Each structure stands twice: as structure tokens, then as C-alpha cells.
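Peer 1:
Protein chains: 4
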Amino acid sequence: VAQWFNTDSDITLDALRGRVVLLHAFQMLCPGCVAQGLPQAMKVQQLFPASEVVVLGLHTVFEHHAAMGADALEVFLHEYRISFPVGVDSPVRGHPVPATMQAYALRGTPSLVVIDHKGVVRLNHLGHLDDLQLGALLGTLVSQRPDTSEPSSQVGEAVSPGVHQAALNEAPPKACDDTHCKIG
Amino acid sequence: VAQWFNTDSDITLDALRGRVVLLHAFQMLCPGCVAQGLPQAMKVQQLFPASEVVVLGLHTVFEHHAAMGADALEVFLHEYRISFPVGVDSPVRGHPVPATMQAYALRGTPSLVVIDHKGVVRLNHLGHLDDLQLGALLGTLVSQRPDTSEPSSQVGEAVSPGVHQAALNEAPPKACDDTHCKIG
Amino acid sequence: VAQWFNTDSDITLDALRGRVVLLHAFQMLCPGCVAQGLPQAMKVQQLFPASEVVVLGLHTVFEHHAAMGADALEVFLHEYRISFPVGVDSPVRGHPVPATMQAYALRGTPSLVVIDHKGVVRLNHLGHLDDLQLGALLGTLVSQRPDTSEPSSQVGEAVSPGVHQAALNEAPPKACDDTHCKIG
Amino acid sequence: VAQWFNTDSDITLDALRGRVVLLHAFQMLCPGCVAQGLPQAMKVQQLFPASEVVVLGLHTVFEHHAAMGADALEVFLHEYRISFPVGVDSPVRGHPVPATMQAYALRGTPSLVVIDHKGVVRLNHLGHLDDLQLGALLGTLVSQRPDTSEPSSQVGEAVSPGVHQAALNEAPPKACDDTHCKIG
Chain A
339 VAQWFNTDSD ITLDALRGRV VLLHAFQMLC PGCVAQGLPQ AMKVQQLFPA
389 SEVVVLGLHT VFEHHAAMGA DALEVFLHEY RISFPVGVDS PVRGHPVPAT
439 MQAYALRGTP SLVVIDHKGV VRLNHLGHLD DLQLGALLGT LVSQRPDTSE
489 PSSQVGEAVS PGVHQAALNE APPKACDDTH CKIG
Chain B
339 VAQWFNTDSD ITLDALRGRV VLLHAFQMLC PGCVAQGLPQ AMKVQQLFPA
389 SEVVVLGLHT VFEHHAAMGA DALEVFLHEY RISFPVGVDS PVRGHPVPAT
439 MQAYALRGTP SLVVIDHKGV VRLNHLGHLD DLQLGALLGT LVSQRPDTSE
489 PSSQVGEAVS PGVHQAALNE APPKACDDTH CKIG
Chain C
339 VAQWFNTDSD ITLDALRGRV VLLHAFQMLC PGCVAQGLPQ AMKVQQLFPA
389 SEVVVLGLHT VFEHHAAMGA DALEVFLHEY RISFPVGVDS PVRGHPVPAT
439 MQAYALRGTP SLVVIDHKGV VRLNHLGHLD DLQLGALLGT LVSQRPDTSE
489 PSSQVGEAVS PGVHQAALNE APPKACDDTH CKIG
Chain D
339 VAQWFNTDSD ITLDALRGRV VLLHAFQMLC PGCVAQGLPQ AMKVQQLFPA
389 SEVVVLGLHT VFEHHAAMGA DALEVFLHEY RISFPVGVDS PVRGHPVPAT
439 MQAYALRGTP SLVVIDHKGV VRLNHLGHLD DLQLGALLGT LVSQRPDTSE
489 PSSQVGEAVS PGVHQAALNE APPKACDDTH CKIG
């Protein structure tokens, strides 16, 4: 990764061992990423506590590099209110596909990579994955972590041990809101 | 339960011990049930194998009883191509709220009740629950069953041990299709 | 028509001459009608003043007659908060398809029939029609009425001469709301 | 306008007199424009023949100018397969709001401006306008053009005199498709 946004220090997968990692690879001018992939990644970030599932973005530009530079990405992340850490995949001299994208054999964008608490890649998916299916995978992997204490058998709204209560009801603040940008 | 549809024999929760049970309580003339609850229950049925998650419907009529009798329900289940077992909640003489609905203290429809492999109620939710949240809960509970073998660490599309491959891509057959009913 | 709901007196097309009529033929247990056709008809009713476009429902049961009788329809109209007049298409002895449905040669449900100010049928469409397309047709036909005065050339939010200002922003009251029915 | 895309020659409103003009003002990094405004403008372009309604885009950047330059816009138009002419609003020295945006007193993006056949502005709307409402306005204005011949009273699928038959069923070709961009 050449550069990080939304984090004070560089992020390594080693440092995240013990937690489940959702890596969302996208390009800012990829329609499927903007319409489905990024909103889903934001929903995962809101639903699961960071101690269980860490959401990372990876800007994997493999076409139109000039139009999707770091400065444009910074504006994009601001306008779409993306608050999870996003790394810029390192360009490879003489090759349009950047380094991490090659290392994970990603086939395009959006791609979802899910890594379990041991650091094993458990999903490498091109395109959109249904929320129910992604939720089932993440719930399974969170439960397989060794430090998962037996969840209390409480009845009611408690959805899973670490799931943020009512997290999905809190709309994140937006620069432009969902419907328009106003002249300030 | 007074009567069952979509099953040859009566169903008891005891017989389902060891599996996770999703109980969807609905009324056939409840807009939120038709628009959101029943489609979600059908998606759960398609995604998870019946050896892990059993989906049951419960027709809990607490208003307009005459318009939502067993004959009308049978047509409704046919037209909406609902294939999981549906029980008709037993009416209680002198009380509009039927027996099972009272027993589980359900507050209305749609209600989602999720019961784990030990028979403990883990969710009792009125209204719609986001797919990601429901998937996370079901993935967690499926993983907590004692007979869950360690899933293989295979890379790729394998979403979770027992999840039907590409299940969500198979559209169920329909009498009327999604857009219209034709005169035969 | 055998019976009317949501109106004090019988309705005849002759009495509506001079106005554009949108006739929505549906069955209460037809999924495409419930999901798309009826919500669209309600939106038309809210957007256009009744002096320009009259919205009528026609319950054209051609299958499962026992489950979709007048009593059940009344509950359905109440739960889905349908407030435009709905006629029950007259059954024909020995034939499953009712009388008006035969007269208009409707091929199934949902069907949209649009009649202009002279009483000429201008659309007979099976299935869903896109909102933009239906809006264009209704706008065209409203403009062709002889009594249409030249609309003022006012700038701004005035969408069309008779369109209810901000009509689409007013949600109609609901018995059950969009998401659930509560035990009272 | 400083520059045009998707047209061989400059476009002037005078040259479009006699036709209805839909002007969609947007910024490529405005979420509401990408999710709702641009798809709606594309649908209008497909539904109405260019002899009746002309769809024009106007890239009205009033913030983050560096990230939304003409080169980036060209890639954006390509990836989102926008085929109607798009003008780049001329920057004004010392002022963030560009020239045309000031001239029309647009308050932000997306903005819809609809101009009738005489060149009179009939709508100036900030944010999303419902398809039914926009269709009604366009149908009305198309009908008010002096050269509108009396439409034939044919029955059936004929939606309005000049509407492209089944236009909305033709999906436009896409570089990236709706769900993902693949490495070539």
C-alpha cells in the first residue's frame, strides 16, 4: 500500500491477527462499487464492533489511473462519508494492475476478501455478495475465534455477542446528504 | 398449532433440537409481512441447508379473522410460492390473539423468533431485521452447535460450511411470476 | 360491477367523461399487484387532482374466487389504505373470468387501462409500466382535454397546471404501517 | 459552457427552440447525482425521441474543483455510459460557483431545469423529482408544442405519440456492467 486515508498509522494484517478482516477492493469510478460494495462495507463497519471485524478499503486502480489519483480519492471518501481506513494499492511499474491486487489475484472491482482470525483467506469474491450471505460468513468466523466467550442466552434484541445495539439505525453524518449537495 | 401446510406431518420444536430454528410469524394481509418478512424467510430457507437452519412460518391472525381463514391462507401460500412449513396458530376462545402468539409474547406481525440448537429463544423481534444482522446471528448460532466440525480453510467462494453454493441465485418457481398473473 | 367500495354511489364512465381515467385491474392475492401496481395507482391518485385524472380500482378475480370474496377485499383495502373507489367485477356464471375483464379483453393482473377525456381507451397494458412512461402518458392526455387552459409560465416547483403541490411528500395514513401491524 | 462531451458541435438553447429541454446539473462526486439524478436523465433520454425532448448534462462543479476536472469527467462519463451531451460549466474567476449555475440561480446538485418549446424555464428543482411527476411535466410540455399533431387514438401499448416503443426495456451497453469492472 502506497498511502493510507482515515488512519493515523499504517495498518498491517499481522497487527489485526485475532480479528476477522473484511477487505473491500474498489475503484472510485466503478459503478458497482459505489452503488453496492461501499454501502455494504459501511454497514458491516456499523454492525460489528472493531474488536471483532475490521473493515478496510483498498483502492485498486487498474484503469484510468490519471482520473483516480490520491487527491481525487480523498474528496471521494469525504463526499461519500467513508470512515474506515482506505489504502491506495501500490502501482507496479509497467503494469496497469497494482501490487496488492496482483498478490491476492483479485479479478476486478468490487472484490470482497474476508480473512479469519488466523490470517487465512476465507473468501475472495468478485461482484456483490448478498447481505444475508456475508452476514452468515462473518457471524461464523467471529464465533470461531478462540477468545469468543459463550454468549449469554439473553432473550430479545441481542443479536449476537458483540454486535452494536441498534447500530444500523444510526445514520452516519454526511457532507452532501443522500439526495443532494447544496451550495454552502 | 391448529393446522399445518407444506408438511406431511406435524412439527414439534423438540424434534428440531440440534438445529437453529427461524420462526416467522405473519398475517397474510399484513403489508410489512408480504413486502419484507416473507421474502427474507424464503431467502434464509434457500441459503442455509435444512440440517442447520429450519424455517417455519406461523400464521398468527389477531385481527380480521374471517378474511384470513385457512382456505385463504392456502391460496396465499400457493400464489406467493412459499414452500416452508406454515402452521396456523390456534385461536383462543374469547380472545383475538391466538395461543402461540400469546405463549411467545409476540407483539405483532411480522415477528422473527430465532431459537438455538438447545431450544433457547435468542431473538424475538417485531418488524424487519436487516439481512446483514440476521445473517450474522444465524451464522453465529450455526457455529455454536456442538456437531459443527471445523470448517475447511478453503479459499474462494465457500461462504460457510453448510451454506448452499450459489443458493441465492436460484429463483424459486412461481405460479404468478413477480410481475403479473396471466389468465391461463 | 357487482359492488363498490370507497364510494357512496355507483360510478359510471359516462359520468367521468371530460376527465382522464386510470383503471387498475388487480386481484388481492396477486403479488405483482400488491408490490407494484397498487402503490403506483395510489401515487397517481396523490399526484393528479381528481378533476383531471380519476383513479379507479377493479377487483377482477379469475382464479381462487373463494379466497378473494368481497369481505376479504374490504379488509385488504383497509390494511393497505387504498382510498380510491374499487369495484368488484361481476362474476359470469360458468366462466372463471368476470364480465368487465372480458369486456376490456384484459389478459391478467395487474392491468392498466387508461381512458382519455372522450372515453377512448388509450392504453391496455398487462404488467407493470414504468412511472416515467405512465406519467408522460397522463400528462399528455390531461393536456389534450379541451378545457385545459394555457398553463401559466411560472418558474420553479410548479410541475404542471393541476398537479398537487408536493403531493408525493404526504404519506397517507396507515392502519398497519409499512413495516408491521401491532397488537392494539 | 467551457467544453462539451458527447457532441460534435457546441449546443445552444436557441438551436433547440421548438423542443422541450431537460437540463440535468450534476457533479461527478455528488452521491445523489450518481444514485438518482443521472439514471433518471438517462431514462428520459431513452423514453422520449430527441425530436421532442432533448436531454443535456451540465457539470456544475462548485467544490473540490481539482478532483473533478475535465479529464476525470471524461472517464466518469465513459464508465457510467452517459451518452447525452454534457457541458462543463465555465468557471468564474474568484468565485467557486460557475457561470451557468449562477445564471440559472441553481442552488446545488442535482438540479433539474426543464425548458419548454418557447424557451421558458418551467421547472428549476434541487434534489430528486419522482419519475411520475417528471413524466407528467414532460408529457404536458411535449403536448403543448404547436407542431404536435393530434395523436392517433390507437388502443394498446402506444403510450404517447412520440414515445419510443419499449424504449425502457433496452439496456444501454456498459463498460463496467452494473455490478463490477473486470480486469480486461
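Protein chains in written order, with my numbering: chain A, 339 to 522; chain B, 339 to 522; chain C, 339 to 522; chain D, 339 to 522.
Quick reminder that beta carbons are idealized off the backbone N, C-alpha and C, glycines included.
Since the model is a prediction, treat every value here as computed from it, not as a measurement.
Using three-state DSSP, classify residue 345 (chain A) as helix, strand or coil.
Peer 2: By one-based count along the first sequence, residue 345 (chain A) stands at place 7. Three-state result, residue 345 (chain A): coil.
Peer 1: Distance cutoff 9 Å, beta carbons only. Does residue 518 (chain B) sit that close to anything in chain C?
Peer 2: Reading the second sequence from its first residue, position 180 is the one you call residue 518 (chain B). With 9 Å as the cut-off, residue 518 (chain B) counts as an interface residue toward chain C.
Peer 1: What are the boundary residues of the alpha helix (DSSP H) that residue 414 (chain C) is part of?
Peer 2: As a first step, residue 414 (chain C) must be located in the third sequence, where it is residue number 76. Looking at the DSSP string, the run of the alpha helix (DSSP H) that includes residue 414 (chain C) is 408-417.
Peer 1: Confirm, please, whether the CB-CB distance from residue 400 (chain D) to residue 434 (chain D) is below 9 Å.
Peer 2: What you label residue 434 (chain D) is simply residue 96 of the fourth sequence in a count that begins at 1. What you label residue 400 (chain D) is simply residue 62 of the fourth sequence in a count that begins at 1. Yes, the Cβ-Cβ distance between residue 434 (chain D) and residue 400 (chain D) is below 9 Å.
Peer 1: Around the Cβ of residue 427 (chain A), are there at least 16 other Cβ atoms within 10 angstroms (buried) or fewer (exposed)?
Peer 2: Counted from its first residue, the first sequence places residue 427 (chain A) at position 89. It is buried - the Cβ of residue 427 (chain A) has at least 16 other Cβ atoms within 10 Å.
Peer 1: What residues from chain D crowd round residue 471 (chain A), counting only those whose CB sits closer than 9 Å?
Peer 2: Here the question's residue 471 (chain A) lines up with position 133 in the first sequence. Simply none; closest approach about 15 Å.
Peer 1: Is there a Cβ of chain A sitting closer than 9 Å to that of residue 374 (chain D), yes or no?
Peer 2: Along the fourth sequence, one-based indexing puts residue 374 (chain D) at 36. Closer than 9 Å to some Cβ of chain A, the Cβ of residue 374 (chain D) qualifies, so yes.
Peer 1: Against chain A, with Cβ distances strictly below 9 Å, would residue 386 (chain B) count as a contact?
Peer 2: What you label residue 386 (chain B) is simply residue 48 of the second sequence in a count that begins at 1. Output row for residue 386 (chain B): interface = yes.
Peer 1: Relative to the C-alpha of residue 453 (chain A), which residue among A:440, A:475, A:469 and A:439 is closest?
Peer 2: Within the first sequence, residue 453 (chain A) is the residue found at index 115, counting from 1. Ranking A:440, A:475, A:469 and A:439 by Cα distance to residue 453 (chain A) puts A:475 first.
Peer 1: For residue 450 (chain B) versus residue 362 (chain B), is the C-beta spacing smaller than 9 Å?
Peer 2: Locating residue 450 (chain B) in the second sequence gives position 112, counting from the first residue. Locating residue 362 (chain B) in the second sequence gives position 24, counting from the first residue. A contact, by the Cβ cut-off of 9 Å.
Peer 1: Check this for me: beta carbons of residue 351 (chain D) and residue 391 (chain D), under 9 Å apart or not?
Peer 2: In the fourth sequence, residue 351 (chain D) corresponds to position 13, counting from 1. In the fourth sequence, residue 391 (chain D) corresponds to position 53, counting from 1. Not in contact: residue 351 (chain D) and residue 391 (chain D) (Cβ atoms no closer than 9 Å).
Peer 1: On the DSSP bridge list, what partners appear for residue 391 (chain D)?
Peer 2: If you number the fourth sequence from 1, residue 391 (chain D) lands on position 53. DSSP output for residue 391 (chain D) lists D:358 as bridge partner(s).
Peer 1: Which of the three DSSP states is assigned to residue 447 (chain A) in this structure?
Peer 2: Residue mapping note: residue 447 (chain A) aligns to position 109 of the first sequence, counting from 1. If DSSP states are grouped into helix, strand and coil, residue 447 (chain A) belongs with the strands.
Peer 1: So residue 355 (chain C) packs on residue 389 (chain C), CB below 8 Å; how close in whole Å?
Peer 2: Taking the third sequence and counting its residues from 1, the one referred to as residue 355 (chain C) is at position 17. Taking the third sequence and counting its residues from 1, the one referred to as residue 389 (chain C) is at position 51. That pair is no contact at about 13 Å.
Peer 1: If you run the structure through DSSP and keep just helix, strand and coil, what is residue 399 (chain B)?
Peer 2: For the purposes of this step, residue 399 (chain B) is identified with residue 61 of the second sequence, where counting begins at 1. Coil, per DSSP.
Peer 1: Using the Cβ count rule (16 or more neighbours within 10 Å means buried), how would you classify residue 469 (chain A)?
Peer 2: Mapped onto the first sequence, residue 469 (chain A) falls at position 131. The residue in question, residue 469 (chain A), is buried, as its Cβ has 16 or more Cβ neighbours within 10 Å.
Peer 1: Between C:365, C:383 and C:443, which has its C-alpha nearest residue 407 (chain C)'s C-alpha?
Peer 2: Here residue 407 (chain C) is taken as the residue at index 69 of the third sequence, counted from 1. Here the closest residue by C-alpha is C:365.
Peer 1: What is the rounded straight-line gap between the Cα of residue 393 (chain B) and the Cα of residue 348 (chain C)?
Peer 2: Position 55 of the second sequence holds residue 393 (chain B). Position 10 of the third sequence holds residue 348 (chain C). Roughly 46 Å between the two C-alpha positions.
Peer 1: Note down, in chain order, every chain E residue with its Cβ under 9 Å from the Cβ of residue 477 (chain A).
Peer 2: No chain E appears in this structure, whose protein chains are A, B, C and D.
Peer 1: Could you please tell me which residues of the stretch 435-455 of chain B, in chain order, have their CB closer than 7 Å to any CB of chain A?
Peer 2: Of all residues in the stretch 435-455 of chain B, none has a Cβ within less than 7 Å of some Cβ in chain A.
Peer 1: Can you pull the chain C residues whose beta carbon is under 8 Å from the beta carbon of residue 359 (chain D), in chain order?
Peer 2: Along the fourth sequence, one-based indexing puts residue 359 (chain D) at 21. Under the 8 Å cutoff, chain C gives no residues; its nearest Cβ is about 14 Å from residue 359 (chain D).
Peer 1: Residues in the stretch 380-414 of chain D with C-beta within 8 Å of chain C's C-beta atoms, listed in sequence order?
Peer 2: Cβ contacts with chain C come from 381, 382, 385 and 386.
Peer 1: Among D:472, D:482 and D:466, whose alpha-carbon lies nearest the alpha-carbon of residue 457 (chain D)?
Peer 2: Looking up residue 457 (chain D) in the fourth sequence gives position 119. The candidate whose alpha carbon is nearest that of residue 457 (chain D) is D:482.
Peer 1: Would you say the beta carbon of residue 455 (chain A) comes nearer than 8 Å to a heavy atom of the ligand GDP?
Peer 2: Annotation note on the ligand GDP: not contained in the displayed structure, which lists no ligands.
Peer 1: Would you mind reading off the limits of the beta strand (DSSP E) that contains residue 426 (chain A)?
Peer 2: In the first sequence, residue 426 (chain A) corresponds to position 88, counting from 1. Where residue 426 (chain A) is concerned, the enclosing beta strand (DSSP E) stretches over 424-426.
Peer 1: Assuming residue 367 (chain A) contacts residue 403 (chain A) under a Cβ cut-off of 8 Å, what Cβ separation, rounded to an integer in Å, is found between them?
Peer 2: Within the first sequence, residue 367 (chain A) is the residue found at index 29, counting from 1. Within the first sequence, residue 403 (chain A) is the residue found at index 65, counting from 1. No, residue 367 (chain A) and residue 403 (chain A) are not in contact; Cβ-Cβ is about 11 Å, not under 8 Å.
Peer 1: In the DSSP assignment, the alpha helix (DSSP H) including residue 351 (chain B) goes from what residue to what residue?
Peer 2: For the purposes of this step, residue 351 (chain B) is identified with residue 13 of the second sequence, where counting begins at 1. Unbroken run through residue 351 (chain B): none, as it is neither H nor E.
Peer 1: If you run the structure through DSSP and keep just helix, strand and coil, what is residue 441 (chain B)?
Peer 2: As a position in the second sequence, residue 441 (chain B) is number 103, starting the count at 1. Three-state result, residue 441 (chain B): helix.
Peer 1: Using a Cβ-Cβ cut-off of 8 Å (strictly less than) and excluding sequence neighbours within five positions of residue 466 (chain D), which residues of its own chain qualify?
Peer 2: In the fourth sequence, residue 466 (chain D) corresponds to position 128, counting from 1. Same-chain partners within the cutoff: 370, 374, 375, 378 and 448.
Peer 1: List the DSSP bridge partners of residue 363 (chain A).
Peer 2: If you number the first sequence from 1, residue 363 (chain A) lands on position 25. Residue 363 (chain A) pairs with A:396 and A:449.
Peer 1: Might you give, ordered along the chain, the residues of its own chain that have their beta carbon closer than 7 Å to the beta carbon of residue 445 (chain D), omitting 5 neighbours on each side?
Peer 2: For this step, residue 445 (chain D) is matched to residue 107 along the fourth sequence. So the list reads 464, once near-sequence residues are dropped.
Peer 1: Could you work out which residues of chain D lie near residue 467 (chain A), taking near to mean beta carbons separated by less than 7 Å?
Peer 2: Here the question's residue 467 (chain A) lines up with position 129 in the first sequence. By Cβ distance, chain D contributes nothing, its closest Cβ being about 11 Å from residue 467 (chain A), past 7 Å.
Peer 1: In the DSSP assignment, what residue or residues form a beta bridge with residue 433 (chain C)?
Peer 2: To locate residue 433 (chain C), count along the third sequence from 1; it is residue 95. C:430.
Peer 1: Does any C-beta atom of chain C lie closer than 9 Å to the C-beta of residue 461 (chain B)?
Peer 2: Walking along the second sequence from the start, residue 461 (chain B) turns up at place 123. No - not a single Cβ of chain C is within 9 Å of the one on residue 461 (chain B).
Peer 1: From B:517, B:430, B:409 and B:477, pick the residue whose C-alpha is nearest to that of residue 455 (chain B); which is it?
Peer 2: Locating residue 455 (chain B) in the second sequence gives position 117, where the first residue counts as 1. Closest option to residue 455 (chain B), Cα to Cα, is B:477.
Peer 1: What span of residues does the beta strand (DSSP E) with residue 385 (chain A) cover, start to end?
Peer 2: For the purposes of this step, residue 385 (chain A) is taken as the residue at position 47 of the first sequence. From DSSP, residue 385 (chain A) is part of no beta strand (DSSP E) but of the alpha helix (DSSP H) over 376-385.
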